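Heads up: the structure comes next, in structure tokens.
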Amino acid sequence: PRSLSNEFYSQMKTIMEKQLRIDTPLKFDTFTSAVIDRNSFNRIRMYIDYARKSSSTKIIFGGECNDSVGFYIQPTLIET
1 PRSLSNEFYS
11 QMKTIMEKQL
21 RIDTPLKFDT
31 FTSAVIDRNS
41 FNRIRMYIDY
51 ARKSSSTKII
61 FGGECNDSVG
71 FYIQPTLIET
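Okay, so the sequence shown: first residue is 1 according to the UniProt record's numbering, each after it adds one.
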């Protein structure tokens with residue numbers, strides 16, 4: 001229910017900040033690494049940009065994209 005959404009998002013944000021490590025897959029505690037290629041990176045970034053601009057969605061956490069040393073996209077939580 002809507003009445004629980006703020007608490008749910010707060011807990012999810014905390015978990016995502018503390019436990020979802022983005023790094024090289026060579027490290028054991030890495031949760032996720034770079035996406036496979038530039039096309040995938042651009043497609044995902046396009047979806048995140050759409051969510052940022054849309055009045056019907058809200059980015060709760062994440063959404064940062066960095067292609068300076070790989071195609072890294074921060075895990076993202078979007079309310080629709």
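Every residue, glycine too, gets a C-beta built ideally from N, C-alpha and C.
Just so you know, these numbers come straight off a predicted model, no measurement behind them.
Relative to the C-alpha of alanine 34, which candidate in Tyr50, Glu79 and Phe71 has its C-alpha closest? Nearest in C-alpha terms to alanine 34, of all of Tyr50, Glu79 and Phe71, is Phe71.
Out of Phe8, Pro25 and Thr32, point me to the one whose CA is closest to glutamine 74's CA. Just measuring C-alpha positions, the residue of Phe8, Pro25 and Thr32 sitting nearest glutamine 74 is Thr32.
Output needed for isoleucine 22: all residues of its chain with C-beta closer than 8 angstroms, excluding positions within five of it in sequence on either side, in chain order. So the list reads Thr30, Phe31, Thr32, Ser33, Tyr72, Gln74 and Pro75, once near-sequence residues are dropped.
Alpha helix (DSSP H) segment containing isoleucine 48, residue limits: Judged by DSSP secondary structure, isoleucine 48 falls within the alpha helix (DSSP H) whose first and last residues are 38–53.
In the structure shown, what three-state DSSP assignment does threonine 76 receive? DSSP, reduced to helix, strand and coil, places threonine 76 outside both helices and strands of the structure shown, so it counts as coil.
Closer than 8 angstroms is the cut-off here; do at least three beta carbon pairs connect the stretch 7–18 with the stretch 53–70? Contact holds between the stretch 7–18 and the stretch 53–70, because three or more Cβ pairs, one in each stretch, are under 8 angstroms apart.
Range covered by the alpha helix (DSSP H) that runs through lysine 13: Where lysine 13 is concerned, the enclosing alpha helix (DSSP H) stretches over 5–19.
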